[in-house]
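**Student:** One structure, as C-alpha cells, below. Some questions next.
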Amino acid sequence: MEGKDSKAVVFGHALKKEFFVDDNVVCANTGSFGTVCRQAFAATEEAVKVSQKNTDLGFLYELPRRMRRLRSRVAEFVGAKESDIAFVGTATHAVSTILLTHPWKQGDRLLMLSLAYPTCSFAADYVRDRYGVEIELIDVDVDFDGEEFLKTVRERFEAFRPKMFLFDLISSMPVVLTPWEKVVELCREYNVLSVVDGAHSVGLLDLNLDKVQPDFFFTNTHKWLFAPSGTTILYVSEKNHSLIDPLPLSYGYGYRKEDAKPAAPFAERFRFSTYMDSAKYLGIEGALDFRATLGEEAIRRYTNEIANKGAKIVADALGVPFTPAPFPLSMVNVELPIKEVPALATEEFWKKHNTFVRTCEYKGKWYTRICGCIFMEESDYERVAVALKELCGVN
Ligand SMILES: Cc1ncc(COP(=O)(O)O)c(C=O)c1O
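What follows is the structure in C-alpha cells.
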C-alpha cells in the first residue's frame, strides 16, 4: 500500500505500536469507540502542559488561538468554511444540541429512519414530549436499495411534510450506507431541514460539506480518525446558525442576545461551551498529522479491505452467507445464527477471548458488525471467529 508521499506504508500489526492497544487485544469494534493514536494523545498532552504552565493566559489566549487553528484545519479537511465548524463532545451531544435548542412549534414534524441510533431517537422523543413535535419513521431494510430509498423519502416528504429529516450517512447497527448527498438535495427541494448523522464518516470518506450543503451535520473524530475520545465535529450551514445554540449555554449566549439578528458567530458561541475541554479537541491535530504520514486514501482502502476479509473469515466460520461491504464502508454486517442475546456474552467471556464485537437484533434477525482498522490482520479475525463460534454455539 502506498502512502501520500509514496513511501511504502506497511499496514497491519506493524502499526499497532502507534496506538495504546495491548498486543494481545483484537480491536474488531472500531465503530463504537475507535482508538486514539499516540500522536493525537501527545498533541492533547502538549496542549494540557502548555496551558497549565500559565493557566489564565493558557485558557484565555493560547488554547483559543490553537482552537482557531484547529477549526481552520478541520474545515479544510471536511471541505467547509471555518465559520460553519464547531466542536462538541459526542454525536449524542451534537444531536441533542441540534434538536433540543431548535425553535420548534407545536405540530412541527420530524422524519427519521427506523435504524436511527438510539440516542438520536431519545432526543427526538424529548422534542415530541416537550414541544408536541410529530415523528414518523422511514422503515429501512438491511439489503438496502438506494434508489428505492430516495423514492420513499420523496413520498414521505410529500405526504408527511416534515420540517426536519434526521438520517444516517452510515448507520450503526445494522450497517447501511445511505445516498446522503442526494437525500440532502431532496431536502433542499422540499424545504426540509437536513440533519445528517455522519458519526461514521470522517476518516472513512472524503467530505466536501460546502458542496453538499447539509443544514446540520456531525461526525465523530474518535471513531475513524484516531482522535481522543469524546471529540466530534459539528457543521452548521451559515443560514442555520441562528437555529442552534450550544449545550450547555455559556458566555456565547450573551453575544446572541445582544446581537440576535444576525446571531453572533456560531463557532464563537460554541467555543465557550467546550472551553474546559480544548486540549482534548486539539488532539485532532495530532491525529491528522499521523494520518498524513500514511495517506488518507491508503488508510481507507486498507480499512475497507481488511474489514471485508475479516467479515468473510467470521461468516465462513459461522457458516452464514457473506455480503461484502462497498467502499468506503469499513464495517460489515454478519448475520448471527442465534435467536436471542447469548447468556455467554459477559465481560469474562470477552476478556477470555481478548476481543469484543457488538450484536444487535433488527427485524427478527441477529447481526454482528465486523470493523476494519489499520493495524488489524486476517489472523485477528480468526480469533474473533473462534469467540463468535463459542458465543453462538457453532461447532
Ligand atoms: C450512527 C451513530 N450515531 C450516533 C452515535 C453516537 O455516538 P457518540 O457515542 O459519539 O454519542 C453512534 C455511536 O456509535 C452511531 O453509530
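In this note's numbering, the protein residues as written are 189 to 583. Every residue gets a Cβ at the ideal spot worked out from N, C-alpha and C, and that includes glycine. Keep in mind that this is a model prediction, so the values were computed, not measured.
#1: Please confirm if LEU301 has its CB atom under 8 Å from at least one CB of chain C.
#2: For ASN408, verify whether its CB is less than 7 Å away from any heavy atom of ligand 1.
#3: Taking C-beta to C-beta, are ASP417 and LEU435 nearer than 8 Å?
#4: On the CB-based measure, 16 or more other CB atoms within 10 Å of its CB, does ASN242 come out buried or exposed?
#5: Kindly give me the distance between the Cβ atoms of ILE326 and VAL341, rounded to whole angstroms, as I take these residues to be in contact under 8 Å.
#6: Can you look up ALA573 in the DSSP assignment and give me helix, strand or coil?
#7: Let me check you understand the geometry: is the CB of ASP313 closer than 7 Å to at least one non-hydrogen atom of ligand 1?
#8: Curious, which full-length alpha helix (DSSP H) runs of at least 4 residues does the region 285–339 contain?
#9: Taking only the alpha-carbon atoms, compute the straight-line gap between ARG376 and VAL400 and give it to the nearest angstrom.
#10: For ILE494, report the span of its alpha helix (DSSP H) as first-last.
#11: Quick one: does the C-beta of HIS541 sit closer than 7 Å to a heavy atom of ligand 1?
#12: What three-state label does DSSP hand ALA196 in the structure shown?
#13: With 16 other CB atoms within 10 Å as the buried threshold, where does LEU203 fall?
#14: So does TYR305 have its beta carbon nearer than 7 Å to some heavy atom of ligand 1?
#15: Any heavy atom of ligand 1 closer than 7 Å to the beta-carbon of ASP385?
#16: Identify, in the order they occur along the chain, each residue of the same chain with its Cβ nearer than 8 Å to the Cβ of VAL315, setting aside the five sequence neighbours on each side.
#17: Determine the contact status of GLU557 and MET361, defining contact as a CB-CB distance below 8 Å.
#18: Start and end of the beta strand (DSSP E) containing ALA426?
#19: Quick check: is any heavy atom of ligand 1 less than 7 Å from the C-beta of THR462?
#20: With distances taken Cα to Cα, identify the nearest neighbour of PHE337 among TRP368, GLY295, THR534.
#21: Looking at the unbroken beta strand (DSSP E) that takes in THR547, where does it start and where does it end?
#22: Quick one: residues in its chain with C-beta nearer than 6 Å to the C-beta of ILE494, no 5 flanking neighbours on either side, listed in chain order?
#23: According to the Cβ coordinates, are GLY440 and ALA230 closer than 8 Å?
**Tutor:** The answer reads as follows:
#1: You won't find chain C in this structure, because it holds only one protein chain.
#2: For ASN408, the CB falls within less than 7 Å of some heavy atom of ligand 1.
#3: What sits at residue 417 in the sequence shown is Ser, not Asp. No, they are not a contact pair.
#4: exposed
#5: With a contact defined as Cβ atoms closer than 8 Å, ILE326 and VAL341 qualify at about 7 Å.
#6: helix
#7: Of the heavy atoms belonging to ligand 1, none sits nearer than 7 Å to the Cβ of ASP313.
#8: With a minimum length of 4 residues, the continuous alpha helix (DSSP H) runs that stay inside the region 285–339 are 306–319.
#9: 10 Å
#10: Per DSSP, the continuous alpha helix (DSSP H) segment holding ILE494 begins and ends at 484–506.
#11: No - ligand 1 has no heavy atom lying nearer than 7 Å to the Cβ of HIS541.
#12: strand
#13: buried
#14: yes
#15: yes
#16: Around VAL315: LEU287, LEU288, HIS290, TRP292, LEU298, VAL321.
#17: Reading off the sequence, residue 557 comes out as Arg, not Glu. Cβ atoms of ARG557 and MET361: closer than 8 Å.
#18: It is Glu, not Ala, that sits at residue 426 in the sequence shown. Note, GLU426: premise wrong, no beta strand (DSSP E); not H, not E.
#19: no
#20: Of the candidates TRP368, GLY295, THR534, TRP368 places its Cα closest to the Cα of PHE337.
#21: 547–550
#22: GLY560, MET564
#23: Taking a C-beta distance under 8 Å as the contact criterion, GLY440 and ALA230 do not qualify as a contact pair.
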